[in-house]
Amino acid sequence: MKKIDDKRCRITVLIFDCCRKPVRDRGPNLQGLSAMHASSHTFIAFSCAPGKTALDETTNGRNSIFTGSLLNHISTPHAHIEDIFLNVASEVQLQSGGFQRPFRSTDLAEKVYLVTNNVSGRTERQVIASDEGRAPS
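For the sequence shown, my numbering begins at 1497 and goes up steadily by one.
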């Protein structure tokens, strides 16, 4: 985190889907990642809660439940990043029967939008940080 902080980015977004272990490697003492707290102007999303592990299941044969849900929601135009990850968390909890609970740590001081529509109506993928939800002028 220190190396990222040293870059002095306006906004940092980190997404971790790395709390999974194959079923054959699971034992009674298996634990997930330790808690990590967001530094200034940072949003961190994890596929499961601190100290927990995520399911190894997939809904599409390729991605985890968390990544699959993220792909369903990440390109929603004009959605604040917090709203995107609330939807992801809800979907993951539903699909996992409540076993897996995505976790977020954030210290954002402004709204962050990952996708907006430009004047021509085409969807652009970009990070836009703005005050009160308005794109910077």
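The C-beta atom is built at its ideal place from N, Cα and C for all residues, glycine as well. These figures come from a predicted structure and were not determined experimentally.
Residue i to residue j span [Cα, whole Å]
i, j, result
"valine 1519", "glutamine 1589", "Model confidence at valine 1519 stands at a pLDDT of 48, short of 50, so the residue's coordinates are unreliable and nothing is read from them."
"isoleucine 1580", "leucine 1567", "10 Å"
"glutamate 1606", "lysine 1503", "19 Å"
"alanine 1585", "asparagine 1556", "18 Å"
"alanine 1575", "valine 1608", "8 Å"
Candidates the options: closest to residue i by CA position
i, options, result
"threonine 1612", "Gly1557, Ser1586, Arg1558, Pro1573", "Pro1573"
"phenylalanine 1599", "Val1608, Glu1578, Ile1507", "Glu1578"
"serine 1601", "His1569, Leu1510, His1576", "Leu1510"
"glutamine 1596", "Pro1546, Ile1570, Ile1500, Thr1508", "Pro1546"
"isoleucine 1570", "Asn1556, Glu1587, Arg1558", "Glu1587"
"glutamine 1591", "Leu1551, Ile1507, Leu1604, Arg1558", "Leu1551"
"serine 1536", "Asp1501, Asn1559, Arg1558, Phe1512", "Asp1501"
Cβ neighbour criterion (16 or more within 10 Å) applied to residue i
i, result
"leucine 1610", "buried"
"proline 1632", "With a pLDDT of 42 at proline 1632, under the threshold of 50, the modelled position of this residue cannot be trusted, and the question is left open."
"cysteine 1544", "buried"
"glycine 1564", "buried"
Whole-Å CB distance - residue i paired with residue j, under 8 Å assumed
i, j, result
"isoleucine 1561", "glutamate 1553", "6 Å"
Distance cut-off 7 Å: residue i Cβ against heavy atoms of the ligand ADP
i, result
"aspartate 1501", "What this structure holds is no ligand at all, so the ligand ADP is not there to describe."
- Message: Please give me, in chain order, every unbroken run of the alpha helix (DSSP H) with length at least 4 that falls completely inside the stretch 1544 to 1587.
- Response: 1561 to 1569
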